[in-house]
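Notes follow the structure.
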Amino acid sequence: MSDSLQKFQILGVNHIGLAPKDPERARWFFQTALGLQHLGDEAVQEQHVNTQMFASSSSGFATRLEVLVPTTPGAGAVGKFLDKKGSGIHHVALAVDDVAAVVQHLKTIGVKLIDEQPRWGAHQTLIAFVHPESTGGLLVELVQETAKTS
Ligand code: CMX
């Protein structure tokens, strides 16, 4: 095992990012039909996307679903994804204890990153996306929970 692999832990799945063709219906389904808890909405201006986070109530299976809605049709990464691929799973976000250490490790072994440095994401997290070219065609987000102070 390489030294840099031992500097972080993959803790689990933080959330699954979903890109629905009909966001209103998706919200109704998760919140009203299934009764998932609505944790909050947040706009990520630079990504041209609004995010809606939902969670199951059971702590044993604390699953979070992030519904992604482009600010205008076709805008940003999610708008482009919807136009090209249609509704579906947009990304899987892995919870990590030290996103900077994971990024450094992946760079060392030649994995292509979209974010070469961690940056602030929605819901008080530090994040970095890994490029689908290096994952077999899947978009993977690395997420470190943090209490943002600035
Ligand atoms: N999952 C898997 N593959 C994806 C993808 C996704 N969500 N989005 C794009 N791709 C693939 C495309 O299919 C394409 O593959 P091929 O070359 O094999 O056809 C390749 O990536 C390039 O796609 P593109 O449509 O030309 O788009 P861009 O290169 O302009 O951007 C990407 C692709 C992944 C770099 C861009 O979507 C990105 O930077 N994503 C990270 C940020 C993001 O997704 N933000 C939205 C969520 C915000 C949040 O949750 O906070």
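To convert, note that position 11 of the sequence shown is 20 in our numbering; the numbers rise steadily by one, no gaps. For glycine and all other residues, C-beta sits at the position ideal for the given N, C-alpha and C.
| Asked | Found |
| --- | --- |
| Given residue 53, which residues of its chain have a CB within under 8 Å of its CB, disregarding the five upstream and five downstream residues? | 59, 60, 130, 131 |
| Taking the alpha helix (DSSP H) that residue 92 belongs to, which residues open and close that run? | 85 to 94 |
| Please confirm whether any heavy atom of the ligand FAD lies closer than 7 Å to the CB of residue 155. | For the ligand FAD, the structure offers nothing, since it holds only the ligand CMX. |
| Three-state secondary structure (DSSP) at residue 5? | Outside the displayed span of the chain (10 to 159) sits residue 5, for which this structure offers no information. |
| Any heavy atom of the ligand CMX closer than 7 Å to the Cβ of residue 89? | yes |
| Tell whether a beta-carbon distance below 8 Å holds between residue 120 and residue 143. | yes |
| Between residue 41 and residue 11, what straight-line distance do the alpha-carbon atoms span, to the nearest angstrom? | 47 Å |
| Which residue's Cα is closest to the Cα of residue 18: 135, 25, 34, 104? | 104 |
| Please list, in chain order, all residues of the same chain as residue 23 whose beta carbon is under 6 Å from its beta carbon, the five residues on each side excluded. | 102, 104, 152 |
| With 16 other CB atoms within 10 Å as the buried threshold, where does residue 91 fall? | buried |
| Within 8 Å of any Cβ in chain D, is that where the Cβ of residue 18 sits? | Protein chain content of the structure displayed is limited to a single chain, and chain D is not contained in it. |
| So, under 8 Å CB-CB, residue 114 and residue 13 are touching, yes? Tell me the CB distance rounded to an integer number of Å. | 4 Å |
| Give a single yes or no on whether residue 55 has its beta carbon closer than 7 Å to a heavy atom of the ligand CMX. | no |
| Once DSSP output is grouped into helix, strand and coil, what is the label at residue 99? | strand |
| Could you check the C-alpha separation between residue 155 and residue 128 for me, to the nearest Å? | 12 Å |
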